């Protein structure tokens, strides 16, 4: 389920069956924009693929978007606020998906909900290759999902 009206309406009606949220983490930075944009494009495409594979079981939220030059401790606190709010709403499993290595230092503080994946040169690939890569990456991440359920 995605953050669109029809899906959120379905989520609200079947809330007790949907206990997992995916939050893509996407930085904004113009200094190295093509790399940053490509990284964000990849993480969001992967989040969509994961939602597609688990449709009806997960809620894909809008990306947590932040300025890359913002203090990391501030960003971590905001992300924890998101996580705690989502848990209060009944989403007991909250996964935050990123390609940014700097987030890995907070994995413990984010209570094991951080999913780090290496960034790939996604923008330079053919569409067919993109689909294959996304399916493979989503399948490898799915073991983390199913272990938490």
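Residue numbers (the numbering used here): 22 to 170.
We put the CB at the ideal spot given by N, CA and C, even for glycine.
All values derive from a computational prediction rather than experimental measurement.
Could you spell out the range, first to last residue, of the beta strand (DSSP E) harbouring residue 144?
Numbered from its first residue, the chain shown carries residue 144 at position 123. Element bounds for residue 144: n/a, residue is neither H nor E.
Could you pull out every residue in the same chain whose Cβ sits closer than 7 angstroms to the Cβ of residue 32, ignoring the five residues on either side in sequence?
One-based indexing of the chain shown puts residue 32 at position 11. Counting only Cβ-Cβ distances below 7 angstroms, and skipping sequence neighbours, we find 22, 39 and 80.
Enumerate, from N- to C-terminal direction, the unbroken beta strand (DSSP E) stretches of 3 or more residues contained entirely within the segment 34-60.
41-49
Quick one: does the C-beta of residue 87 sit closer than 8 angstroms to a heavy atom of the ligand PLP?
The ligand PLP is not part of this structure, which contains no ligands at all.
Residue 106, buried or exposed, once every other Cβ within 10 Å from all chains shown has been counted against 16
Looking up residue 106 in the chain shown gives position 85. Residue 106 is exposed by the Cβ-count criterion.
For residue 32, which of helix, strand or coil comes out of DSSP?
If you number the chain shown from 1, residue 32 lands on position 11. Three-state result, residue 32: helix.
Range of the contiguous alpha helix (DSSP H) that encloses residue 103:
If you number the chain shown from 1, residue 103 lands on position 82. Its alpha helix (DSSP H) spans residues 93-109.
Pick from 94, 95 and 64: whose alpha carbon is nearest that of residue 82?
The residue you call residue 82 lines up with position 61 of the chain shown. Nearest of 94, 95 and 64 to residue 82, Cα basis: 64.
Proximity winner among 114, 56 and 170, relative to residue 132 (alpha-carbon distances):
Here residue 132 corresponds to residue number 111 of the chain shown, with the count starting at 1. Among 114, 56 and 170, the Cα nearest to that of residue 132 belongs to 114.
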